[in-house]
Structure formats: C-alpha cells, structure tokens
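Comments concern the structure below.
Residue numbers (my numbering): 1 to 740.
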C-alpha cells in the first residue's frame, strides 16, 4: 500500500508528474465493472469490498477474478472525468484525469472511503473551481494514500485562481485524511466548518495560492481537529504562499511533528492561530520563513519544541516582510517552551507581542543544529513511521527586544474634494401584514415566500438549499431564540441560483447584551455558490455579519442596513464578498456602538474582482485591525461616495491591484483604545499601494494627523486626499419597515 520515509533536509528532491517513482505502471489494462453492463458509463462501479490486510490490496482483475497485489505494486485504472460518490462508496485504485472541476466529488453523501488514488486536476489550465477531492456536507469520509497534481498550474508563481485545491472539505464532520501529497495546488487541504478532522502524513510541494490560499493546510471554523506528521517545501521562485499552516477560528487544534520549508509571502506565517484558542503546536521546524515562523492571534495557545532555521529578512520577490522578519508573535496568554532559533535573519526581532508578554516564553539561540528529518509519502513501500521527537537544548537567554518598522511619511493635503449628494432612502412595504411562523421554512424550486414573521430557536429562518429561482419578500425573521452556538441565519442560501430577496429585517434575538457573539455563525443572510443573488432593502440587528457572500459571482445588494455587528472574528462585517466577482453594493448604512458591537472590517471585498461599493455611510469600528472598506486580493474595484465615521484602525485599504477610491471621506477617526486594543496601524486612514487611485477624497478631525495615507512600495501620483473643516457626513440610508 504505502510507506513513508524520513529524509534529511539535504535530501530534498524535485517532484513532477512525469517522474515521481510513487506508483506502479501495470503492463495490462485493468477495467472495473460498470453500473449496468449493457449501458456504457463514464463512472466506474465502486466496489464495497475491503482489503484483506494492511500490506496487500484486493484488486479485481480484467478476468473477473480477484488477486492480491503485493505492497508497492498497486495498479491504477485510468479514469477520465469526475467521479461522483454515492452513499457508502469505496473508491480505490484509480488514476483520475479532469480538465476542470473535482476529480472526486463527495456531495451530500456520507461514509465514503477513498484510497490508493492519483488525481490530475485542471488539465485545461483554466480558472474554474476544481480540486482533487471535493467534500460538500459529507460526514465520516476516510481518505488514504492520495496524490494530487495540478497539471494546469503556471510554470512559476501564483495560480490563476485560488480555487484549485488538493482536498476541499465543507461541513464534513469526522473527516480523516491519511498519507496525502499535493503538487502545485492552490492549497493542499482546506477544511471549513468540519469539526474533528484528523490529518496524518500530509505532504506538499509548491503551494500556489493566490491569496487567500497558499497553505499546506487551513482549518477554518473546524475545532477539535489535528494535523500530525507533515512536510511542505516551497521553492521561493515557484511557489506563492500565504500562511503554511493556518488555524482559523478553530479551538482545541493540535499541530505536531512537521517541517515547513519556505514561505515567500510578505505577510505569511509558518504556523498561525487566528481567533483560535487552546491550541498546541508541537515539535515543528520552520525553515526559510520570511514574515514569521509562529504566531498567536488567539488565547491560551502553546508552542512546544518549535524551532526556526535560516529565516529571511529580505524581499523574496513579493515585498519585504511586513513584520521585519519576526520569528514568534505572541500575546500575554501564549506559552512557548523548549524552543530555539538559528541564523536569524533579523537578530533583533525574535519574540514580540501585543500587551504584556507572559512569563511562559522559553526561546533561545542555538548553533550547529540541523532541522529534523521530514515526512515523505512514498507510495510504494509499506507502512508509515512517525517523525521522531527532537531533543531541544536548554534555554540560555531571553530573546532580544523587537524592531518595529516605521510606517513612513504622509503626503500633504491637496484641494478639497467635491462631495456627491446623499442618496434618498427607499422605504420598504409599509402595508405588509405578516403571518407568524415558528421554525425553519425550507424553500422549494421556484417558491415565493412572502409576508411572514418567522421565529426560530436555532438554524436558519429560511433555508434555500440546492433549489433555484426562489423569491423572498416582506419577511421579518427572529433567529437564535435559544441564545446558543449552533450555526444559524435569517436566510441561508446554499448552491442556489437566481434568488431574489426584498424587504427583509433580521433580528438575532439571542445575542449577548453587549460584546462579541458566542459564535461567528449567526448571519443575517449567508450565501454560498449562489449566482446572481439579489438582495434589496434588508436590515440586520446584532447579527455576526449582515450579508456573507461566498463563491457567488454577480451578486447585487441594494439598500443594506445594519446595527451593531457582533462578530466575533472572522465575522463582524456589514457585508463581506468572498470570491464573488462582478458584484455590487449600493446605498448602505451601518452603525456600530463601540460599547455593544464587535466589528472586524465593515465592508470586506475578499478576492473578488470588479466589485463596486457606492453611496454608503459607515459609523463605528472598534476592532484594532479592522477597516471601513477593504480590498483583499481583489482587483479593479471601485469605492465611490462613501463616508467612514469613528473608524479605529483604518478607513479605506487596498491590498489588491488597480482599485479606485472616489469621493471617500473620513470623519472623526479614533486613535485610542476602544476596549479591544490600540489600532495596529496607528489610526491610518488610507492604506494604498502603487496602483491605487484615490480621487476627490478628504478627512476631518483626524485622530492621528501624521498618519493619513501610507502604502507599500511607491505610492502613485493618483492620490488626491485633503484636509477639510466644517463639513458633515452625507445623510444615510434607512429602510423604513412598518410591519403589521
């Protein structure tokens, strides 16, 4: 079946689809049976038989009999096109080729086993979403001995899309992946909303991103998961990394026994806890890191026997490290034990943290050591062996003081801008009598759901799941009545196109009196793979996020209003568009009381090109890292006629290319702690880059008058920002619902 070897760092070797030495090449064609022997089918019949032992595979031969193939000689049957799994399927011994889409699709079926499979994805070199294995709401999926090649990846650098995964899992409880290798995929394994995932023997070469992908493994909202025995090698001239191992709002995660070699991102980390608590990173070596080796943006996380070798403080082709090559980023609750560094790129920037760094920081400099031997999947040699523990020397000293980078100068103000007139609000239907309904309404194809007053204790008020052409109008929804932590929403749209939502008001009735929600999964409207979504006149009260849109191109949002977005991280937006290009948000307002709300960014355009945000007022952001409007990995977007009031960390930010801010204004931003920490940007107003255009924009009563505009690289000539006095924000949008 499969064996793993331990290779020293000096024994790294190139991998390719043409010469891997990992799978046998049988001299005869092996043909599976089909669903109906009389009808040709592109999908092979998947047997339910099991291997007789751990060292041999039961293989059906072309004569219809069975034979035992010795370990190391697993014959693979070629299959062209996606295999769609069924409930309880066992899929094994296949060599799968797909031009687009997934190699194996596990969609709303459980108890599927996949083993001894090699998959070649993205054969057409396109931008369509694809993966070696895609799991969508499938529980108890067991994957063993899998190798995935992204055949259509560019020769070097970032992928054309972040959606070419090795394995992608969404709402897949009790997922198990053992011995999996990935070549040139956007991310190796992306696990989202999948508690209890177990990953063992995970290996990757040249993760290709682009942002927000680029990890070997990312756990997103997947608590109680583990990653053990892993290795990733990223050639800085080929790969396009972000964080290598990302634990993203996932509590109680353990990452152990791994080697990370290479990270060329100016903002990436080797292992990072983001909004994740009570996690452990143990026996991990990070080599050739740029921006950082280990980082804790959660609470009560532990780094035990972690080591950094030969980190890089210079530009690796994507910009200088934003942390100035910091090694351990910690906080007052972080524990770092038995850890060391060798050949630091910036010897003055070893450990640093917000607040008071606790006493439990045990990091020392060493010399003459080498990284431990790393995990390698060799799909021809037998059983796996664990990575040995590494003996770490006794600490000899405290880490030196950090070096904090200068944020740079601010351009002088120019001519006052011309301010666009305010938008006139459009009231909702003020004569709509509502009928009370208790419990979730499940939409059917083509349904029209209207004039309802819906109450639910948990789950969504309206669930639009795999049905199209649904209309929802004149609806008030009260969700989370039990004040629990179960995922819920006013309206949940899952893989449903052409959904039209009008005149909706959503109340999160179980939200805490003040501060962060108990879970980030209490949305006003949540949409996943919902093309051509339309939302008009919607108001949200105390939801984690108002509208969350993911993988939903062409969404149109109009008349969106919110009060006290509650988060917690990674939520806290009025609107977030994730991987949803060609979308629009027009006429919007959000008010966040700093003593009640728990914000992140207010409007987040997240890897979504050609998005327009216009005619809005944003009042209040108490996050130390949030922005009013932010482009992240998004290009060719426009923000027009938007006022940002009482911002903390930032008003407008561009982390993409060729984005424009026109008639944008900042009023009364706040440079002090609002109860969650000081602004990390020192209260910057416009964060730009050399391709950003800012026109006819202004600020009044700046919290930090010396920190108005700043950007990486050379700020272009198209920055038109000036100081003004005596002005007032535009009149804001209000939805006027008179329910009866």
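Using N, Cα and C, we set each Cβ at its ideal position, and we do this for glycine too.
Remember, it's a predicted structure, so these values are computed and weren't measured experimentally.
For residue j and residue i, believed in contact at Cβ under 8 Å, the rounded distance
| i | j | result |
| --- | --- | --- |
| residue 226 | residue 254 | 5 Å |
| residue 337 | residue 304 | 5 Å |
| residue 112 | residue 85 | 5 Å |
| residue 261 | residue 232 | 7 Å |
| residue 274 | residue 230 | 19 Å between Cβ atoms; not a contact. |
| residue 211 | residue 162 | 7 Å |
| residue 340 | residue 373 | Contact doesn't hold; Cβ gap of about 17 Å is too wide. |
| residue 171 | residue 134 | About 12 Å separates the two Cβ atoms, so there is no contact after all. |
| residue 456 | residue 483 | That pair is no contact at about 12 Å. |
| residue 192 | residue 169 | 7 Å |
| residue 618 | residue 576 | No, residue 618 and residue 576 are not in contact; Cβ-Cβ is about 14 Å, not under 8 Å. |
Boundaries (first-last residue) of the beta strand (DSSP E) holding residue i
| i | result |
| --- | --- |
| residue 282 | 280-287 |
| residue 187 | 187-192 |
| residue 328 | 328-331 |
| residue 199 | 198-205 |
| residue 596 | No beta strand (DSSP E) contains residue 596, which DSSP labels as neither H nor E. |
| residue 164 | 164-170 |
| residue 436 | 435-438 |
| residue 252 | Note, residue 252: premise wrong, no beta strand (DSSP E); not H, not E. |
| residue 274 | 271-277 |
| residue 299 | 294-299 |
| residue 79 | 77-80 |
| residue 325 | Run containing residue 325: none; DSSP gives neither H nor E here. |
| residue 363 | 361-365 |
| residue 528 | 522-528 |
| residue 211 | Element bounds for residue 211: n/a, residue is neither H nor E. |
| residue 233 | 226-233 |
| residue 373 | Neither: residue 373 is in no beta strand (DSSP E) and is coded neither H nor E. |
| residue 607 | Taken as a continuous stretch (DSSP letters only), residue 607 belongs to no beta strand (DSSP E), as it is neither H nor E. |
| residue 578 | 575-578 |
| residue 217 | 217-220 |
| residue 105 | 104-107 |
Residue(s) in a DSSP beta bridge with residue i
| i | result |
| --- | --- |
| residue 460 | 489 |
| residue 619 | 591 and 645 |
| residue 309 | 287 and 342 |
| residue 741 | Beyond the ends of the chain as shown, which are 1 and 740, falls residue 741; an answer cannot be given. |
| residue 242 | Per DSSP, none; premise fails for residue 242. |
| residue 563 | 541 and 591 |
| residue 353 | 330 |
| residue 635 | 657 |
| residue 87 | For residue 87, which the question treats as bridged, DSSP gives no partner whatsoever. |
| residue 478 | 455 and 507 |
| residue 666 | 644 and 699 |
| residue 586 | 558 and 614 |
| residue 533 | None; residue 533 has no bridge partner. |
| residue 484 | Beta-bridge pairing links residue 484 to no other residue. |
| residue 732 | DSSP lists no partner for residue 732. |
| residue 256 | 228 and 282 |
| residue 550 | 528 and 578 |
| residue 182 | 148 and 204 |
| residue 627 | 650 |
| residue 303 | 281 and 336 |
message: Under 8 Å, with one C-beta from each stretch per pair, do the segment 561-575 and the segment 644-653 reach the 3-pair mark?
response: no
field: Segment contact flag, the segment 123-131 with the segment 91-99, C-beta cutoff 8 Å, min 3 pairs
entry: yes
message: Would you call the segment 318-326 in contact with the segment 291-307, where contact means no fewer than 3 C-beta pairs closer than 8 Å?
response: Yes, they touch.
- request: Could you name each continuous alpha helix (DSSP H) segment of 4 residues or more that falls completely within the segment 673-723, going from the start of the chain to the end?
  value: none
Sequence ranges, beta strand (DSSP E) only - wholly within the segment 117-149, length at least 3: DSSP runs (the beta strand (DSSP E)) wholly in the segment 117-149: 130-136.
task: Inspect the CB distances between the segment 534-551 and the segment 501-513 and report whether three or more fall short of 8 Å.
output: By the C-beta criterion, the segment 534-551 is judged to be in contact with the segment 501-513, since at least 3 inter-stretch pairs fall below 8 Å.
message: Whether or not the segment 214-233 and the segment 552-564 are in contact is what I'm after, with contact meaning three or more pairs of Cβ atoms, one per stretch, closer than 8 Å; do they touch?
response: Between the segment 552-564 and the segment 214-233, the count of Cβ pairs shorter than 8 Å is below three; the stretches do not touch.
query: For the 8 Å Cβ check, are there 3 or more pairs between the segment 179-187 and the segment 596-613?
result: no
- request: Determine contact between the segment 631-643 and the segment 668-676, defined as no fewer than three beta-carbon pairs at a distance below 8 Å.
  value: no
- request: Report yes or no: do three or more beta-carbon pairs, one from the segment 476-494 and one from the segment 451-467, lie closer than 8 Å?
  value: yes
field: Inter-stretch contact (C-beta, 8 Å, three-pair minimum) for the segment 301-317 and the segment 283-290
entry: yes
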